[in-house]
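Encoded as structure tokens, the structure appears first; notes follow it.
2 protein chains.
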Amino acid sequence: MEDNLKKEAAPSLKTKNQKVDGRRAPKTKTKILDAAEALFSRRGFYGVSLRDIAAEAGVQLALSYYHFGSKEDLFGRVIERRAEENKQGLQASLQEALLVKGSQDVRRIAIIRAFIMPTIDKSLRFGTGWKNYIRLLAQIANFAQDEDYMAIYRKSFDQLVAEFVQALQDIHPEMNEDDVHWCFFFLQAAITHILVESTMLDRQSRGRIHASDLDLIADKMLVFFSAGFSGFQRK
Amino acid sequence: MEDNLKKEAAPSLKTKNQKVDGRRAPKTKTKILDAAEALFSRRGFYGVSLRDIAAEAGVQLALSYYHFGSKEDLFGRVIERRAEENKQGLQASLQEALLVKGSQDVRRIAIIRAFIMPTIDKSLRFGTGWKNYIRLLAQIANFAQDEDYMAIYRKSFDQLVAEFVQALQDIHPEMNEDDVHWCFFFLQAAITHILVESTMLDRQSRGRIHASDLDLIADKMLVFFSAGFSGFQRK
DNA sequence: GTCTATAATGGGATAGAC
DNA sequence: GTCTATCCCATTATAGAC
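Going down the list, the protein sequences come from chains A and B.
According to this note's numbering, the first sequence holds residues 66 to 300 in order.
According to this note's numbering, the second sequence holds residues 66 to 300 in order.
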């Protein structure tokens, strides 16, 4: 994958990919992918036209077809682009959490944190591209799960979830296996909803809380969802 | 509002839509609304064409324009149709919960139950129309919050949420006001996600749990989310 | 690789007969 | 209220010059 991912599109003047102060201007392919990612993440697959994308990217319409083929293919490529890095980040995070020693509570919180922080970090601190990507994933989770191009991604993500669930299960041998699934499901549901950046919380709290304050959200989630698990313990 | 709502596109007698075994065939307007509701709830506003809707409803394309005007207008009417009944159901449910006496835990659970059960009931037991409607609302909450036709609905729903949050606050004078908002936000996020009927849980639990089993979900949610609140109590 | 031009289709919307 | 026919534009997609 030749696109610069980790550091965000990092544009500059000059075209034809000449180096400007050490950075390369984004290639056309990257510009199209970035634009598509941003737009799809806000209005969904059907809510965006290839003209919208070309305009947003500042390139000719035909170039999208030249580089990516059909609209569906482009969408698939947008998903694919950051999928592997995203997955590996979560896996590394889990491995680290498994090293944490301490009480059941401490280890449970470590694993929950390991699940939510990589995503929140990317959304918050890895630049606009990652922020859009995370929003796109969250939106897809709520929506077009059954599309063909999602099959590969889903499979890989489900595998990841299984690893987290297993880790929680290992800490909680006293818990019913299904209940661990339930708890993790509720956690996923909440983070998915939060990452679409709805303005709901802002409105409903009359401005005192902001859904965009993801660091605070992370704190509150840890408290709340760790306590949620404990609801199933006294059995 | 002349469409039959409470009992699902069913009952009544005649008119030019012939009686069939004691039931009146649904009017064209109702057929169009039902079809639009079903399709919008699955593929979103942009993912459905008026031709799709007309075909699904088994009516001529032009009739949609005759009865409802533009596509946006139709969408708005679909939202409107069940909005008032939905809201009143939730309000009545809250009033009943406020009568519950007992420990803090008992009263908290009563209020949480009052929030989730009317929606789950409608989705589960009021017929396909309501099921689709609930899914549509959940999808909108994740998506097109900023569309014009949502403004009225949003305002009314936010008011309702405020009543629930206030009720929880009254039970928990020891809790920080913001934290009550957080807890309720997490609850909303989860139920919203669940009601789009994702197949996620089914897959991830390898078939042992089904997201379509809403009665079981309700039980698990009560345990989990009530316990989540208690995470903020020991402060 | 990038551009212009255009084909081909789909879909929102309307006119007008019945 | 319902139907047929049609307008008209946006959109997907491609051909072909540069």
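All C-beta atoms, glycine included, are put in the ideal place defined by N, C-alpha and C.
Given that residue i touches chain B, what residues does it touch there, using C-beta distances under 9 Å?
{"i": "I176 (chain A)", "result": "Here the premise fails: no neighbours, minimum Cβ distance about 16 Å."}
{"i": "L159 (chain A)", "result": "Ordered by position in chain B, no residue passes the 9 Å Cβ test against L159 (chain A), which lies about 15 Å from the chain."}
{"i": "K92 (chain A)", "result": "Result: empty, since nearest Cβ-Cβ is about 29 Å, beyond 9 Å."}
{"i": "K187 (chain A)", "result": "The premise fails here: K187 (chain A) is roughly 19 Å from chain B at the closest Cβ pair, so nothing lies under 9 Å."}
Please classify residue i: is it buried, with 16 or more other beta-carbons within 10 angstroms of its beta-carbon, or exposed?
{"i": "V171 (chain B)", "result": "exposed"}
{"i": "T257 (chain B)", "result": "buried"}
{"i": "R317 (chain B)", "result": "This structure gives no information on residue 317 (chain B), because the portion of chain B shown stretches from 66 to 300."}
{"i": "Y198 (chain B)", "result": "buried"}
{"i": "Q204 (chain A)", "result": "buried"}
{"i": "E242 (chain B)", "result": "exposed"}
{"i": "A120 (chain B)", "result": "exposed"}
{"i": "S168 (chain B)", "result": "exposed"}
{"i": "T264 (chain B)", "result": "exposed"}
{"i": "S135 (chain A)", "result": "exposed"}
{"i": "P91 (chain B)", "result": "buried"}
{"i": "A216 (chain A)", "result": "exposed"}
{"i": "A127 (chain B)", "result": "exposed"}
{"i": "R190 (chain B)", "result": "exposed"}
{"i": "K34 (chain B)", "result": "Because chain B spans 66 through 300 in this model, residue 34 (chain B) falls outside it and cannot be assessed."}
{"i": "Q269 (chain B)", "result": "buried"}
{"i": "E149 (chain B)", "result": "exposed"}
{"i": "Q224 (chain A)", "result": "exposed"}
{"i": "K220 (chain B)", "result": "exposed"}
{"i": "E313 (chain B)", "result": "The requested residue 313 (chain B) is not part of the displayed model; chain B covers only 66 to 300."}
Kindly indicate the opening and closing residues of the alpha helix (DSSP H) around residue i.
{"i": "K220 (chain A)", "result": "216-236"}
{"i": "R271 (chain B)", "result": "Here R271 (chain B) belongs to no alpha helix (DSSP H), and DSSP marks it neither H nor E."}
{"i": "K166 (chain A)", "result": "Segment: none, K166 (chain A) is in no alpha helix (DSSP H) and carries neither H nor E."}
{"i": "D244 (chain A)", "result": "242-260"}
{"i": "S295 (chain A)", "result": "279-295"}
{"i": "E121 (chain A)", "result": "115-122"}
{"i": "T193 (chain B)", "result": "193-206"}
{"i": "V133 (chain B)", "result": "Correcting the residue type first, residue 133 (chain B) is Phe in the shown sequence and not Val. Element bounds for F133 (chain B): 126-133."}
For residue i, return the contacting residues in chain A, with the cut-off set at a CB-CB distance below 7 Å.
{"i": "A292 (chain B)", "result": "A292, G293, S295, G296"}
{"i": "R273 (chain B)", "result": "D243"}
{"i": "W195 (chain B)", "result": "Correct list: empty, because the minimum Cβ distance to chain A is about 20 Å."}
{"i": "H258 (chain B)", "result": "N207, A254, T257, H258"}
{"i": "F140 (chain B)", "result": "Under the 7 Å cutoff, chain A gives no residues; its nearest Cβ is about 13 Å from F140 (chain B)."}
{"i": "V288 (chain B)", "result": "G296, F297"}
{"i": "F250 (chain B)", "result": "L266"}
Using a Cβ-Cβ cutoff of less than 6 Å, which residues in the same chain neighbour residue i once the five nearest sequence positions on both sides are dropped?
{"i": "L266 (chain A)", "result": "I274, A276"}
{"i": "R107 (chain B)", "result": "none"}
{"i": "A179 (chain A)", "result": "S158, L159, A162"}
{"i": "F297 (chain B)", "result": "M240, D244"}
{"i": "N151 (chain A)", "result": "none"}
{"i": "G154 (chain B)", "result": "P183"}
{"i": "L279 (chain B)", "result": "I185, L189"}
{"i": "Q231 (chain A)", "result": "none"}
{"i": "K94 (chain B)", "result": "H132"}
Considering only heavy atoms of the ligand MN, does any lie closer than 7 Å to the CB of residue i?
{"i": "A101 (chain B)", "result": "Inclusion of the ligand MN in the displayed structure is not the case, the ligand content being empty and no account of it being possible."}
Between residue i and the rest of its own chain, which residues show a CB-CB distance below 7 Å, the 5 nearest in sequence each way excluded?
{"i": "K96 (chain B)", "result": "A122, G123, V124"}
{"i": "E102 (chain A)", "result": "V143, G194, N197, Y198, L201"}
{"i": "A100 (chain A)", "result": "I118, E121, A122"}
{"i": "I174 (chain B)", "result": "L287, S291"}
{"i": "V165 (chain B)", "result": "V171, R172, A175"}
{"i": "I259 (chain B)", "result": "A276, I282"}
{"i": "S129 (chain A)", "result": "I97, L115, I118, A119, L139"}
{"i": "L104 (chain B)", "result": "V113, D117, I118, E121"}
Under 7 Å between beta-carbons, which chain B residues line up against residue i? List them in chain order, please.
{"i": "D223 (chain A)", "result": "R268, Q269"}
{"i": "V226 (chain A)", "result": "Q269"}
{"i": "K136 (chain A)", "result": "Chain B residues near K136 (chain A): none, gap ~13 Å exceeds 7 Å."}
{"i": "K166 (chain A)", "result": "Within chain B, no residue comes near K166 (chain A); the closest Cβ sits about 22 Å away, beyond 7 Å."}
Note down, in chain order, every chain A residue with its Cβ under 9 Å from the Cβ of residue i.
{"i": "Y111 (chain B)", "result": "R108, G109, F110, Y111, G112, V113"}
{"i": "F105 (chain B)", "result": "None at all; the shortest Cβ gap to chain A is about 11 Å."}
{"i": "F180 (chain B)", "result": "Those do not exist, as F180 (chain B) stays about 13 Å from chain A at its closest Cβ, beyond 9 Å."}
Please work out which residues of its chain come closer than 8 Å, Cβ to Cβ, to residue i, disregarding the five sequence neighbours upstream and downstream, and give them in chain order.
{"i": "F251 (chain B)", "result": "F290, G293"}
{"i": "E228 (chain A)", "result": "Q156, L159"}
{"i": "C248 (chain A)", "result": "L233, F290, G293, F294, F297"}
{"i": "H246 (chain A)", "result": "V230"}
Along chain B, in chain order, which residues have C-beta atoms closer than 8 Å to that of residue i?
{"i": "H246 (chain A)", "result": "L266, Q269, S270, R273, I274"}
Can you pull the chain A residues whose beta carbon is under 8 Å from the beta carbon of residue i, in chain order?
{"i": "K152 (chain B)", "result": "Those within 8 Å of K152 (chain B) in chain A number zero; the least Cβ separation is about 15 Å."}
{"i": "K96 (chain B)", "result": "By Cβ distance, chain A contributes nothing, its closest Cβ being about 24 Å from K96 (chain B), past 8 Å."}
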